[in-house]
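S.K.:
Protein chains: 2
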Amino acid sequence: MSKLTETLNKFLDLEQKSLQAFLNKGNIREVSKSEKLISKGEICANLFFILKGAVRSYYFKDDKDITISFSMEGEFITSMSSFISQSPSYENIEALEDCKLWHISHQDLMGLFDTHRDLERVYRLILEAYYIRVEEQLIFSKFKNARERYEELLQQKPEIIQKASVGQIASFLDMSIETLSRIRANL
Amino acid sequence: MSKLTETLNKFLDLEQKSLQAFLNKGNIREVSKSEKLISKGEICANLFFILKGAVRSYYFKDDKDITISFSMEGEFITSMSSFISQSPSYENIEALEDCKLWHISHQDLMGLFDTHRDLERVYRLILEAYYIRVEEQLIFSKFKNARERYEELLQQKPEIIQKASVGQIASFLDMSIETLSRIRANL
DNA sequence: GATTTTTTTTGATTTTTGTCAAATGCTTGT
DNA sequence: ACAAGCATTTGACAAAAATCAAAAAAAATC
Numbered sequence: 001m002s003k004l005t006e007t008l009n010k011f012l013d014l015e016q017k018s019l020q021a022f023l024n025k026g027n028i029r030e031v032s033k034s035e036k037l038i039s040k041g042e043i044c045a046n047l048f049f050i051l052k053g054a055v056r057s058y059y060f061k062d063d064k065d066i067t068i069s070f071s072m073e074g075e076f077i078t079s080m081s082s083f084i085s086q087s088p089s090y091e092n093i094e095a096l097e098d099c100k101l102w103h104i105s106h107q108d109l110m111g112l113f114d115t116h117r118d119l120e121r122v123y124r125l126i127l128e129a130y131y132i133r134v135e136e137q138l139i140f141s142k143f144k145n146a147r148e149r150y151e152e153l154l155q156q157k158p159e160i161i162q163k164a165s166v167g168q169i170a171s172f173l174d175m176s177i178e179t180l181s182r183i184r185a186n187l
Numbered sequence: 001m002s003k004l005t006e007t008l009n010k011f012l013d014l015e016q017k018s019l020q021a022f023l024n025k026g027n028i029r030e031v032s033k034s035e036k037l038i039s040k041g042e043i044c045a046n047l048f049f050i051l052k053g054a055v056r057s058y059y060f061k062d063d064k065d066i067t068i069s070f071s072m073e074g075e076f077i078t079s080m081s082s083f084i085s086q087s088p089s090y091e092n093i094e095a096l097e098d099c100k101l102w103h104i105s106h107q108d109l110m111g112l113f114d115t116h117r118d119l120e121r122v123y124r125l126i127l128e129a130y131y132i133r134v135e136e137q138l139i140f141s142k143f144k145n146a147r148e149r150y151e152e153l154l155q156q157k158p159e160i161i162q163k164a165s166v167g168q169i170a171s172f173l174d175m176s177i178e179t180l181s182r183i184r185a186n187l
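Just so you know, the protein sequences line up as chains A and B, in that order. Throughout the first sequence, residue numbering follows the UniProt record's numbering, covering 1 to 187 in sequence. Throughout the second sequence, residue numbering follows the UniProt record's numbering, covering 1 to 187 in sequence.
(1) Which residues, in chain order, does the region 136–166 of chain A contribute to contact with chain B at a C-beta distance below 8 Å?
(2) Taking contact to mean 3 or more Cβ pairs, one atom from each stretch, closer than 8 Å, check whether the region 108–115 of chain A and the region 49–58 of chain A are in contact.
(3) Does Phe22 (chain A) come within less than 9 Å of chain B when only Cβ atoms are used?
(4) How far does the alpha helix (DSSP H) with Thr67 (chain A) in it extend, from its first residue to its last?
(5) Tell me the rounded alpha-carbon separation between Lys40 (chain B) and Pro88 (chain B).
(6) Quick one: list the residues of chain B neighbouring Met80 (chain A), beta-carbon separation under 7 Å, in chain order.
(7) When you compare the CB of Lys61 (chain B) with every CB in chain A, is at least one pair closer than 9 Å?
(8) Give the list of continuous beta strand (DSSP E) stretches no shorter than 3 residues that lie fully inside the region 109–148 of chain B.
(9) Look at the alpha carbon of Phe11 (chain B) and the alpha carbon of Ile132 (chain B), and state the distance between them as a whole number of angstroms.
(10) Taking the alpha carbon of Glu73 (chain A) as the point to measure from, which residue in A:Asp65, A:Ile50 and A:Lys64 has its own alpha carbon closest?
(11) So, with DSSP's three-state summary, where would you put Glu35 (chain A)?
(12) Looking only at DSSP bridge pairs, what is Ser57 (chain B) linked to?
(13) For Asn27 (chain B), name the three-state secondary structure that DSSP assigns.
(14) Between the Cα of Ala95 (chain A) and those of A:Arg124, A:Ile160 and A:Asn9, spot the shortest distance and give me the residue it belongs to.
(15) Return the residues of the region 114–128 of chain B that lie within a Cβ-Cβ distance of less than 8 Å from chain A, sorted by chain order.
(16) From Ile177 (chain B) to Ile183 (chain B), what distance separates their C-alpha atoms?
(17) Which residues, in order along the region 49–73 of chain B, keep a beta-carbon less than 7 Å from a beta-carbon of chain A?
(18) List the DSSP bridge partners of Glu46 (chain A).
(19) Check the Cβ of Ile84 (chain B) against every Cβ in chain A and list those closer than 7 Å, keeping chain order.
(20) Below 6 Å CB to CB, which residues in the same chain sit around Arg147 (chain B) once its five sequence neighbours on both sides are set aside?
Right under this line is the structure:
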């Protein structure tokens with residue numbers, strides 16, 4: 001749990017009361033490898049924080065699944081568009097390995113915002129950080145070719161290489177399984 | 001100015017006092033076609049709202065410029081990573097045509113958040129909406145081929161086709177000028 | 001308004017990456 | 001430990017898009 005507190009503190013020094021209120025509203029959920037946190041079509045009620053493990057978010061294109069993101073220990077994860085608008089999710093999120101997750105419901109979070117200003121602010125700051133991250137990802141996808149995208153992933157999230165399959169990584173990097181396999185073959 | 005009020009009201013019903021305080025801190029800036037709002041290397045002090053006109057945000061890759069986004073009347077625009085962290089901008093933003101912009105400084109905005117809660121909330125809601133938009137853009141870039149990306153742009157922002165050059169559009173759609181030209185040639 | 005400069009289009013060719021198919025390697029359950 | 005089922009690699013070929021080069025069109029400058 002202290003991992004969560006630590007992460008929040010990096011963004012803003014919360015009042016003790018606010019932090020307690022926040023932590024009290026949350027629950028722990030353990031999911032095993034391959035289990036889904038969120039499925040397409042359902043309304044995503046929760047914001048998750050990964051205490052342990054790693055997850056993958058993906059869409060379906062035709063019948064193949066396309067990885068949109070990998071998230072690791074110490075990161076927040078949810079189907080953002082579904083969570084924000086409380087409408088059915090387009091994406092699926094599954095555990096890449098056994099995970100321990102902290103989570104809070106949309107309703108509880110919104111309730112906390114009304115009584116604890118600083119929680120709304122820390123949420124806003126986290127959102128800003130995540131916004132920058134997606135924007136960077138978008139730019140990065142324009143600027144690099146297949147090999148460079150793979151090398152960037154190696155730099156940024158090397159753990160992924162162990163935890164995800166070639167197919168999952170290939171679709172994330174926007175290339176075919178075979179291309180990724182060939183890139184790995186010659187360095 | 002009412003365009004701005006209208007946009008804010010779509011997100012949240014602001015208190016009259018808050019709205020007034022917000023509007024009072026802002027200023028109007030007129031820029032002519034091709035003029036830069038933000039240049040690489042400078043700290044972006046302002047959040048802009050486009051009252052009239054359209055702008056383009058771009059990066060440099062080697063010596064060529066790559067369009068990252070087009071923004072139209074009624075949209076907020078800034079170099080988000082620079083504005084949020086008050087660090088030097090990686091991107092440039094220029095006017096695609098003569099523009100009338102409303103803008104507020106980072107400092108003033110942060111100041112307003114302390115005295116007007118609902119302004120911080122409306123900012124957060126806007127940020128959420130923009131987050132979803134970037135995420136969609138990222139997914140869309142994975143799911144479509146060159147022709148489909150062009151068709152999508154035609155659907156989403158047809159005005160762009162008139163206002164931007166082939167080169168600017170091509171880099172935005174992540175294809176060469178020649179490819180875009182050929183796509184337009186046969187429907 | 002003619003000329004220069006820039007932008008856009010068109011054609012030929014090359015490069016990159018995708019697709020299909022087969023072979024190999026790795027897991028998992030019994 | 002073995003078989004059955006997946007996942008990954010490798011090879012041959014095809015498709016998509018990039019690059020290079022030149023012509024045509026449009027815009028800017030004098």
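Heads up, the beta-carbon is just placed ideally off N, CA and C, and yes, glycines get one too.
M.R.: According to the data block:
(1) Cβ contacts with chain B come from Glu136, Gln137, Leu138, Ile139, Ser141, Lys142 and Phe143.
(2) Touching, no.
(3) No, because no Cβ of chain B sits closer than 9 Å to the Cβ of Phe22 (chain A).
(4) Taken as a continuous stretch (DSSP letters only), Thr67 (chain A) belongs to no alpha helix (DSSP H), being part of the beta strand (DSSP E) at Lys64 to Met72.
(5) Those two C-alpha atoms are separated by around 7 Å.
(6) Simply Tyr131, Ile132 and Glu135.
(7) Chain A contact via Cβ: present.
(8) The region 109–148 of chain B contains no whole beta strand (DSSP E) run of 3 or more residues.
(9) Each residue's Cα considered, the two are about 14 Å apart.
(10) Comparing Cα-Cα distances from Glu73 (chain A) to each of A:Asp65, A:Ile50 and A:Lys64, the minimum goes to A:Ile50.
(11) In the structure shown, Glu35 (chain A) sits in coil (DSSP, three-state: anything other than H, G, I, E or B).
(12) Answer is B:Ser69 and B:Ile93, bridged to Ser57 (chain B).
(13) Strand, per DSSP.
(14) Nearest option by C-alpha distance: A:Ile160.
(15) Result list: Arg117, Glu120, Arg121, Tyr123, Arg124, Leu127 and Glu128.
(16) The straight-line gap from Cα to Cα measures roughly 10 Å.
(17) Listed by position, the residues of the region 49–73 of chain B near chain A (Cβ gap below 7 Å) are Tyr59, Lys61, Ile66 and Ile68.
(18) The amino acid at residue 46 (chain A) is misidentified as Glu; the sequence shows Asn. Beta-bridge partners assigned by DSSP to Asn46 (chain A): A:Ser105.
(19) Within chain A, the residues near Ile84 (chain B) are Glu128 and Ile132.
(20) Cβ neighbours of Arg147 (chain B) beyond the five flanking positions: Ile183.
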